[in-house]
Every structure is written in C-alpha cells, then in structure tokens.
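Asker: Under our numbering, think of the first position of the sequence shown as 3, with each following residue one higher. We put the CB at the ideal spot given by N, CA and C, even for glycine.
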Amino acid sequence: VYLDESGGGLVQTGGSLRLSCAASGDGLSIHAMGWHRQAPGKRRELVASITGDGNTNYADSVSGRFTISRDSAKNTTFLQMNSLNSEDTAIYYCTLSSARGRGWDYWGKGTLVTVSS
3 VYLDESGGGL
13 VQTGGSLRLS
23 CAASGDGLSI
33 HAMGWHRQAP
43 GKRRELVASI
53 TGDGNTNYAD
63 SVSGRFTISR
73 DSAKNTTFLQ
83 MNSLNSEDTA
93 IYYCTLSSAR
103 GRGWDYWGKG
113 TLVTVSS
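Following this line, the structure appears as structure tokens:
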C-alpha cells in the first residue's frame, strides 16, 4: 500500500492549505483514512479521520477549522485547513486503517506545513 501526499508548504497565519493523499496498491482495503501530525518537540497526534461510510472525527485543536473529506472512487482523502496558526506547524502524515481494530497500519512519508507569523 502506498500513500502519496501532497499540498504542504509555507503559509501565513490566518491562511489556508489543502492536503491530498492518494492510496494505491494491490489488494487495497480501506476501513478509514486519516491525518496525523507531529510538531517539533511534541508527540504525534491524530488530527482528523474519516471512515469508509463517511463518519469524521477531529482533534479539539482543529475542530471548526479543518475539514476532512474523501473521494472513494479515487481512494483519495483531503484535509482542508483554514485559519492556520503557528501551532499548526508540523509534519502531516496521511494514514490508512485497512480494517476495523487494526489501527493505522499504513503511513505516508509526511508533508511539511509551516505557518509563519
């Protein structure tokens, strides 16, 4: 399974970015897709997730500012990030859970998001 992320970069405080992640591979099975992030000196955290039937979940720190969505036909998930601030600076990882109860068993390489003041 391969997770191909794109969309990271540098943005000013208050700006927006949209991350994309396309999943591919033989025998691909998707229970859920998500985005985790890790900021310098901080623990990795789950930012948002979306299940195969469209249920979403957000970290409190991004609720109301970030929106996760998916294109099931293309095995792609998106993370729309608005009202970005310095606390959102991190490496963002696309993740995939292949079955209920398996956790996040596939991870992308990560894309850097930097929010400047």
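Please determine, among Val13, Pro42 and Gly36, the residue with the shortest C-alpha to C-alpha distance to Ser22.
Answerer: For the residues Val13, Pro42 and Gly36, the minimum Cα distance to Ser22 belongs to Gly36.
Asker: Just checking Tyr4 against the ligand HEM - is the residue's beta carbon closer than 6 Å to any of the ligand's heavy atoms?
Answerer: In terms of ligand content, the structure shown is empty, and the ligand HEM therefore cannot be addressed.
Asker: Can you check whether the CB of Phe68 is closer than 7 Å to the CB of Ala41?
Answerer: Cβ atoms of Ala41 and Phe68: not closer than 7 Å.
Asker: Which residue's Cα is closest to the Cα of Ser65: Asn84, Gly112 and Ala34?
Answerer: Looking at the Cα atoms, Asn84 is the closest of the given residues.
Asker: Helix or strand or just coil, what does DSSP make of Asp6?
Answerer: Looking at Asp6 - three-state DSSP - the assignment turns out to be strand.
Asker: Could you name each continuous beta strand (DSSP E) segment of 3 residues or more that falls completely within the segment 56-112, going from the start of the chain to the end?
Answerer: DSSP runs (the beta strand (DSSP E)) wholly in the segment 56-112: 58-60, 68-73, 78-83 and 92-99.
Asker: Could you tell me whether the segment 24-39 touches the segment 76-96, using the rule of 3 or more Cβ pairs below 8 Å?
Answerer: With a cut-off of 8 Å, the segment 76-96 and the segment 24-39 count as touching, because enough Cβ pairs lie within range.
Asker: Relative to the alpha-carbon of Leu98, which residue among Ser88, Arg72, Ser118 and Gly10 has its alpha-carbon at the smallest distance?
Answerer: Nearest of Ser88, Arg72, Ser118 and Gly10 to Leu98, Cα basis: Arg72.
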